[in-house]
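Residue numbers (this note's numbering), protein chains in the order written: chain A, 1 to 242; chain B, 243 to 523.
Glycine is no exception: its CB is placed at the ideal position from the N, C-alpha and C atoms.
Every value quoted in this text rests on a predicted model; they were computed, and no experiment measured them.
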Amino acid sequence: MEFLQAQLPRYLDGAWITIQLTLGGAILAFVLAMLFGIMGTARFWILRAITTVYVEVFRGIAALVVMFWFVFAIPDMSGYELDPMFAAILALGLNVGAYGAEVVRAALNAVPRAQVEATIALNLSWFQRMRLVVLPQAWAQMLPTFGNLIIELMKATAVVYLVGILDLTAVAREVRTGTGETIAAFGIAFVLYYLIAQVLIFGMRLLERRANARLGRTPPSGGGLMNLLRPPSVGTRVGVAK
Amino acid sequence: MSPSDTPENTTAPGGGNSGEAPAEGPLIVFDQVVKRFGDLTVLDHLDFSVAHGERVTLIGPSGSGKTTILRLLMTLEKVTEGHIWIDGEPFSHMPRGNGLVPAGETYLRMKRKRIGMVFQQFNLFPNMSVRKNIMEAPVHVLGVSKDEAAQKAEELLDLVGLGDKIDAHPTQLSGGQQQRVAIARALAMSPEILLLDEVTSALDPELVTGVLDVLREVAENTDITMLCVTHEMGFARDVSHRVLMFDQGRIAEEGHPDQIFGDPRQERTKSFLKSVLENGH
Ligand SMILES: Nc1ncnc2c1ncn2[C@@H]1O[C@H](COP(=O)(O)OP(=O)(O)OP(=O)(O)O)[C@@H](O)[C@H]1O
Ligand SMILES: [Mg+2]
């Protein structure tokens, strides 16, 4: 208990860094995923090709390698130092954005052709079709996978101690070396990671439920908030009008 | 066809032989239209025209190309050969230099605003209320003010008998109600040409009448040119000026509905009508 009291502030600082990395990385990943995902459905092959290159490159390289590149290689080459936090968010965002782009592309392509044809019959432009019909419908389909990706992203932040950032994992390592209390040191980190993950999962399910409600689908289990703590049943995700 | 040809010297058969249709140049002209999907020739050098305000019913066996004709007009498909003209202007193609080239998206956007379509499966947008389904295109495409579009949406919903459903969600409506909303949505764009592709065939029998009644009313009270694919022979007889019987991508027979349904001349028409009656469409 004393141990906890003494060390908790450090852990909370670390957790706050982890949260910043996760949210920063998620925002960047989201923007990249939308941009490249939409480009991946474009009529012009050059746009689709750009998406393919981005996805293949950044899916294939570990975020850590990209991070090392930004933190160590770029300063060597150019003389400019990148703030390690910024470099870490960039690396994580680029990596998860590549997975997200595939999710977005698949969700856009899954919107029934008939919906697109209805927008053509109403003479909507490409932009109007995307904004008014295709993206809102694809959104509900993207969210479950986005939920998984943001958890993966949070877990992936645990490597940033290697570029000298004092995140939750770095704090746990330092506390362990300083006190020798291995189990307590990592136990606290474990609990905090778990809490952060639960909040993220809860938030994503809330978004998911709102998106499904907009499409006129209500969860069969009812609408109580407690239901968000359980994984949604498969039935709530499928079944756009045939 | 040479680029200098105009639809006026394209002799299309028919062209509104009912006295009711106004006597101008034809509104829609199919000129030697060929449509192939791979090796399959769906429309085979098809010629026909439709007059302003004329209501034409397209009948024929499954696979004879009826849907394809409507989809070509809605620019959901492109012609393989031949040309489509609307009001004397190229539609499937656009002028470039001295000739015609397949129409680009910008050109199509300009041209297809005169045309609306109602689909067999309704295709309402599930991410919008009924009101938004009807309002969004007029607001964003035609630049109508939100108030005006909302008022028009209310009027149209009253017309299709769904005034109380304006705030409903499409998934809360029956098929017949969804289809009536889809008709209102198409009408909200004030089309000159309305394409109807088997709009009642996805409906339970007891819901068909309601939808057909709405269309009867539209036919009576507007001068919208209609191309209608349907197996509802009674409806076709009531509203259409002319019936085209398709078989294997060509017109097998055409005429006034009383003649086609009462006294069909072609063997293929007779056997088709017989099969429709037997299957109780
Ligand atoms: N996108 C496509 N790719 C390949 N073949 C197609 C495509 N669209 C239509 N076809 C084929 O073209 C033929 C004509 O189709 P179409 O839908 O126009 O017939 P239809 O007269 O409307 O028939 P139905 O009464 O069954 O609706 C059919 O053999 C169909 O399989
Ligand atoms: Mg058809």
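Cβ proximity to chain B below 8 Å picks out R214 from the segment 201-214 of chain A. Close to B/L318, with beta-carbon spacing below 7 Å, are these residues of chain A in chain order: E117, I120.
The Cβ of A/N123 sits closer than 8 Å to at least one Cβ of chain B. Any Cβ of chain A closer than 8 Å to the Cβ of B/H382 would place that residue at the interface, and such an atom is present.
Cβ proximity to chain A below 7 Å picks out R351, R354, K355 from the segment 343-355 of chain B. A Cβ-Cβ distance of about 20 Å is found for the pair B/M475 and B/L436, leaving them out of contact under the 8 Å criterion. Proximity to A/F68 across A/A91, A/T179, A/A6, A/Q128 peaks at A/A91, based on C-alpha coordinates.
In this structure, the straight-line span from the alpha carbon of A/I196 to that of A/F127 is close to 37 Å. Not a single C-beta of chain B is nearer than 8 Å to the C-beta of A/L8.
In the three-state scheme derived from DSSP, where H, G and I count as helix and E and B as strand, B/Q274 is classed as strand. Not a single CB atom of chain A sits nearer than 8 Å to the CB of B/G307. Contact of A/L90 with chain B is not assigned, every C-beta pair being separated by 8 Å or more. The continuous stretches of alpha helix (DSSP H) do not include B/I435, which lies in the beta strand (DSSP E) extending over residues 435-439. By alpha-carbon distance to B/Q421, the top candidate from B/E396, B/D409, B/S432, B/T451 is B/T451. Distance between B/S291 and A/Y99, taken at the CA atoms: about 52 Å. Residues of chain B with a Cβ closer than 7 Å to the Cβ of A/P136 are, in chain order, N369.
Pairing B/T309 with B/L350 gives a Cβ-Cβ distance that is not under 8 Å.
By the criterion of a C-beta distance shorter than 7 Å, B/R507 is surrounded in its chain by E495, once the five residues flanking it on both sides are discounted. Under DSSP, the beta-bridge partners assigned to B/R492 are B/D489. About 7 Å separates the CB atoms of B/S443 and B/H473; that is less than 8 Å, so the two are in contact.
With a threshold of 16 other beta carbon atoms within 10 Å, A/N123 meets it and is buried. Taking C-beta atoms as the reference points, B/A426 and B/I376 count as a pair closer than 8 Å. The set of residues with a C-beta under 5 Å from any non-hydrogen atom of ligand 1 comprises B/F279, B/V284, B/S304, B/G305, B/S306, B/G307, B/K308, B/T309, B/T310, given in chain order. Listed by position along chain B, the residues whose Cβ is nearer than 9 Å to that of A/Q141 form an empty set, because the closest Cβ is around 12 Å away. In this structure, B/V441 has its beta carbon at no less than 7 Å from each heavy atom of ligand 2. As the crow flies, the alpha-carbon of B/S371 is around 38 Å from that of A/Q20. Apart from the 5 residues on each side of it in sequence, B/I466 sits with its Cβ closer than 6 Å to the Cβ of L436 in its chain, given in chain order. Look at A/V65: its beta carbon is at least 7 Å from all of the heavy atoms in ligand 2. B/M359 belongs to the set of residues whose beta carbon lies under 8 Å from a beta carbon in chain A. Interface with chain B (8 Å Cβ-Cβ cutoff): A/V133 is included. A/L153 sits away from A/L192, with the two beta carbons spaced by 8 Å or more.
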